[in-house]
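Under my numbering, the first residue of the sequence shown is numbered 99, with each subsequent residue one higher.
For reference, the structure discussed in these notes is given below.
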Amino acid sequence: MRGRHLLNPVPFLLLTPKPPSRALAFRARAPAPAAPRRAAPLAEPDVGISRFASPTPGFRGALKQRYSDFIVHEVTRDGALVRLTSFDLPDDGESGDNAEEGAADADHSRALESFRLLCGDADCDALRALLETVSEGGDGDISPIILSADSDKAHRSEVHDFFKRNFKFLITDTVDHSDGVQKCIRVRLGSGPRGGRGRNRKEMDDSGWRDDRPFDSRGSTTWPYHLGKFLRFHLYKENKDTQEALGVIGKMLGVQPRSFGFAGTKDKRAVTTQQVTLFKVHANRLAALNSKLAGIRVGDFSYVQEGLVLGQLRGNRFAITLRNVVAESDDVIKAAVDSLNKNGFINYYGLQRFGSGSVPTHLVGASLLRGEWRHAVHLILGRKEHYRGHGHIDAALRGIPRHFIVERAILQRLKKFPGNYLQALMAIPRTLRLMYVHSYQSYLWNHAASLRVEKYGISRVVEGDLVYKKGCPLGEVTATDTLVDDDGHSNSPEVEISCETLPEEVIQSVKVVDSEDVLKEVYSFEDVVLPLPGSETLLPGNEIAGIYLEIAKKDGISLIESVHGVQDFSITSMKGGYRRVLERPVDFEWDLMAYTDDNVSLVKTDLDVLSKIQPSEANELLSDGTCSYPSGDSRWEASLDASGPTTEASSVETKPIGVPDLLPEKLAVKLEFTLPASSYATMAIRELTKTSTSYDIPIPHPVMDF
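As structure tokens, then:
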């Protein structure tokens, strides 16, 4: 089952491959480059993950056996922990809104009387109906009204001027009457500061006018002035990825995906809480959905002036439960936990970074860097069962779920521009376009990190290492290639941008360690960084630089020049960044507990706390006594907001169980820790258990040729 990984001992790192599926025939115009067939599932060594920070033995356990075994809370930039704590509406939202509406109604009454004298009773009644619809909060599909036919140009100009003076949130234009002679004035809701975009309506209605001009009814200038333009709320979700949850909410509200903003996407097989912003929607509309939503809740509403964008977070707080723990003794478990806290873990990009499809995303990225547009398209499309058996784009589109954003975007663009594969790739939302190349950068970084640890270990800094300069605070940095989506925050299942995979690397002042630095022991291994190649990054001044050039050359890629002029698919057009080789969990806590029922949650979620639901009393702690580790990390000096409830059973220290007949039927290890936004919790668990996080990936099927 995907999402449930039984952590196996390291000797069994390479899993048994699945037998290949029988090839299916497709109608094709020409032979397409075949997606590479994998003889085995995607394994950690395939993407450069091969070393551990400590030789301390680990233990076996099941990760994500239940999605409630993996709880994630976002940490905001100011260090606050994002929790779902209330469903209450903002105190000042509705009262202020009603007051403003009352004043507006009074102004409208006076203006409507003037309009009646200018255009007559019928047009006045139509305008009043439009204003009532707007006042009810409808900022989605509000139909325009068409005034009576008017052949007097001077009178039409007077009507246009009237609306400019009295109803600035409404827009008027002139459209043709069906008789082709007379003109009519169309009145519609304004489209905000970026008007002039939207859909085309080319049908005739009962009034006989032709509405063939585009408009966009998103966003109303009638929004109350005292409220921020964005509704900020806490999104709680269970076993759903961020895009899926927001897609459900957006559909129920009738708003576009681009109306939402968030700092980072969170894991699907998990229980997560994060901040989201929504453009010009009242809290009561969103709160009313709670009774209709399954596995999703929204709360902690407030109005703010700015929406969230990707990267605006400090990190994530994890509460992870490993079930069915098997170890020689509880001392082995304690030693492994102590080692993780003391030594940290190698800050690898986890397997999530490389997707869950049959063709890992870094291979797509390599094709893009080489300018092989057609091949890249076929790598992306060739792994979804929805394309098998179809020879035509229309047939394929009908079988693709709407949340497959990447695939639908490609096919729709190919339908419009047959054979133009670059155009098809550019139709992918920019966030996801960049992710393919970022995946290849991550692939290079992982291999470089493994070589650095293999050759020099983690106990010392060596000449030629790259380090952050002393006296340059980590807060004063410039983000590199921040993935801000210009086409809406949407995701596709094959590119899993999890809470751990946001590109938080930074362009910061670094230096190459020289012999004097080594002699004076100015830097420690915690200062050592490795680059994600780009136009503004340095390579190490030792042998580690060679691995970047060697792998890139083998893949037919140059790190210093581009073979094409498409910036989004060129490393030389990206700034690049640096990433610490070693990372330590912050505010680390743990406990060992006995349990008997795999179907019972061992940690309280935010919803449990709100509902006053307690985990089963049958699941008892094995011991008591505090065993939490202070941070000691200056990057996290601002303490987390502790006002919210904490997970059940704060950290406790393991002590011997004693009498054999008192041994519990099953053991679980519960961990809580905080990581920066770009670090992977799965890599911390890998270090703890000394096991692989590899999972099975299906063999790719033959691709269609569009």
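Glycine included, C-beta positions come from ideal geometry on N, C-alpha and C.
Option nearest V565 by Cα separation, candidates L523, A507, D625 and V620
By 1-based counting over the sequence shown, the position of residue 565 is 467. Minimum Cα distance to V565 is reached at D625.
Does the Cβ of F667 have 16 or more other Cβ atoms within 10 Å, making it buried, or fewer, making it exposed?
One-based indexing of the sequence shown puts residue 667 at position 569. By the neighbour-count rule (16 or more Cβ atoms within 10 Å), F667 is buried.
Contacting residues, own chain, Cβ-Cβ under 8 Å from K390 (five flanking each side not counted)
Translated into positions along the sequence shown, residue 390 becomes position 292. So the list reads M350, once near-sequence residues are dropped.
Looking at the unbroken alpha helix (DSSP H) that takes in N544, where does it start and where does it end?
By one-based count along the sequence shown, residue 544 stands at place 446. Its alpha helix (DSSP H) spans residues R528 to Y554.
Could you check if D144 is buried or exposed, using at least 16 other CB atoms within 10 Å of its CB as the buried criterion?
Mapped onto the sequence shown, residue 144 falls at position 46. Flag for D144 reads buried.
Whose C-alpha, out of H476, E552 and Q163, is nearest the C-alpha of A522?
Working through the sequence shown from its first residue, we reach residue 522 at position 424. The candidate whose alpha carbon is nearest that of A522 is H476.
Please work out which residues of its chain come closer than 6 Å, Cβ to Cβ, to R784, disregarding the five sequence neighbours upstream and downstream, and give them in chain order.
Working through the sequence shown from its first residue, we reach residue 784 at position 686. Closer than 6 Å at the Cβ level, and outside the excluded window around R784, lie T791.
Tell me which residue opens and which closes the beta strand (DSSP E) that E336 is part of.
Within the sequence shown, the letter at position 238 stands for residue 336. Per DSSP, E336 belongs to the beta strand (DSSP E) from F328 to E336.
Distance between beta carbons of V396 and L384, contact taken as under 8 Å:
As a position in the sequence shown, residue 384 is number 286, starting the count at 1. As a position in the sequence shown, residue 396 is number 298, starting the count at 1. Rounded, the Cβ-Cβ distance is 6 Å, consistent with contact.
Beta-carbon of D221 versus every beta-carbon of chain C: anything under 7 Å?
Looking at the structure shown, chain C is missing, and only one protein chain is on hand.
Restricting to Cα atoms, I'd like to know which of R531, S633 and L549 is closest to A464.
The residue given as residue 464 occupies position 366 in the sequence shown. Nearest C-alpha to A464: R531.
Contact set for L637: own chain, Cβ-Cβ below 7 Å, skip 5 residues either direction:
Taking the sequence shown and counting its residues from 1, one reaches residue 637 at position 539. Excluding residues within five positions, the ones whose Cβ falls inside 7 Å are P629, A643 and Y646.
Cβ-Cβ distance between V285 and P355 below 7 Å:
Residue numbering aside, residue 285 sits at position 187 when the sequence shown is read from its first letter. Residue numbering aside, residue 355 sits at position 257 when the sequence shown is read from its first letter. Going by C-beta atoms, V285 is not nearer than 7 Å to P355.
Express the C-alpha separation of A474 and L467 in angstroms, rounding to a whole number.
Here the question's residue 467 lines up with position 369 in the sequence shown. Here the question's residue 474 lines up with position 376 in the sequence shown. Those two C-alpha atoms are separated by around 10 Å.
Rounded to the nearest angstrom, what separates T780 and N439 at their Cα positions?
As a first step, residue 780 is located in the sequence shown; it is residue number 682 there, counting from the start. As a first step, residue 439 is located in the sequence shown; it is residue number 341 there, counting from the start. Answer to the nearest angstrom: the Cα atoms are 15 Å apart.
With a threshold of 8 Å on Cβ separation, who are the neighbours of L549 within its own chain once the five nearest residues in sequence on each side are excluded?
The residue you call residue 549 lines up with position 451 of the sequence shown. Result list for L549: E641, I642 and I645, in chain order.
Beta-carbon gap between V616 and Q372 smaller than 7 Å:
Residue numbering aside, residue 616 sits at position 518 when the sequence shown is read from its first letter. Residue numbering aside, residue 372 sits at position 274 when the sequence shown is read from its first letter. No, these two residues do not count as a Cβ contact at 7 Å.
Taking a contact to mean a Cβ-Cβ separation below 7 Å, would you say N337 touches A160 in this structure?
Start at 1 with the first residue of the sequence shown, and residue 337 comes out as number 239. Start at 1 with the first residue of the sequence shown, and residue 160 comes out as number 62. Cβ atoms of N337 and A160: not closer than 7 Å.
DSSP three-state call for V396: helix, strand or coil?
By 1-based counting over the sequence shown, the position of residue 396 is 298. Correct three-state label for V396: strand.
Hey, quick one: how far does the beta strand (DSSP E) through A417 stretch, first residue to last?
Residue 417 sits at position 319 when you count from the first residue of the sequence shown. It spans G413 to V424 - the beta strand (DSSP E) in which A417 sits, taken as one unbroken run.
Specify, as a first and last residue, the run of the beta strand (DSSP E) that W688 falls within.
The residue given as residue 688 occupies position 590 in the sequence shown. Residue range V684 to Y693 is occupied by the beta strand (DSSP E) that includes W688.
Nearest to E142 (by Cα), restricted to the options Y447, K764, S607 and D492:
The residue labelled residue 142 in the question sits at position 44 within the sequence shown. Nearest of Y447, K764, S607 and D492 to E142, Cα basis: Y447.
Could you check whether the stretch 501-519 touches the stretch 420-434, counting it as contact only if at least three pairs of C-beta atoms, one from each stretch, sit closer than 8 Å?
no
Residue span of the beta strand (DSSP E) that contains L630, given as start and end
Mapped onto the sequence shown, residue 630 falls at position 532. Residues V626 to L630.
Hey, how far is the Cα of V353 from the Cα of I394?
Taking the first residue of the sequence shown as 1, we reach residue 353 at position 255. Taking the first residue of the sequence shown as 1, we reach residue 394 at position 296. For V353 and I394, the distance between alpha carbons rounds to 17 Å.
For E619, name the three-state secondary structure that DSSP assigns.
Taking the sequence shown and counting its residues from 1, one reaches residue 619 at position 521. Correct three-state label for E619: coil.
Would you say R678 and V627 are within 7 Å of each other, going by their C-beta atoms?
Your numbering for residue 678 matches position 580 in the sequence shown. Your numbering for residue 627 matches position 529 in the sequence shown. A contact, by the Cβ cut-off of 7 Å.
Can you tell me the Cα-Cα spacing of K281 and D248, whole angstroms?
Residue numbering aside, residue 281 sits at position 183 when the sequence shown is read from its first letter. Residue numbering aside, residue 248 sits at position 150 when the sequence shown is read from its first letter. Approximately 6 Å, taken between the alpha carbons.
Below 7 Å CB to CB, which residues in the same chain sit around V462 once its five sequence neighbours on both sides are set aside?
Residue 462 sits at position 364 when you count from the first residue of the sequence shown. Only A474, L477, I478 and Y534 meet the Cβ criterion.
Segment limits, alpha helix (DSSP H) that includes T670:
Taking the first residue of the sequence shown as position 1, residue 670 is located at position 572. First-last for T670: undefined, no H or E at that position.
Below 8 Å CB to CB, which residues in the same chain sit around T787 once its five sequence neighbours on both sides are set aside?
Locating residue 787 in the sequence shown gives position 689, where the first residue counts as 1. The residues are L105, G156, F157, R158, G159, L420 and A434.
List the endpoints of the continuous alpha helix (DSSP H) containing I347.
Start at 1 with the first residue of the sequence shown, and residue 347 comes out as number 249. Following the DSSP letters along the chain, one finds I347 inside the alpha helix (DSSP H) bounded by residues T340 to L351.
Considering only the beta carbon of each residue, do R511 and S400 sit closer than 7 Å?
Taking the sequence shown and counting its residues from 1, the one referred to as residue 511 is at position 413. Taking the sequence shown and counting its residues from 1, the one referred to as residue 400 is at position 302. Contact: no.
Taking the beta strand (DSSP E) that K378 belongs to, which residues open and close that run?
Position 280 of the sequence shown, counted from the first residue, corresponds to residue 378. No beta strand (DSSP E) holds K378; DSSP gives it neither H nor E.
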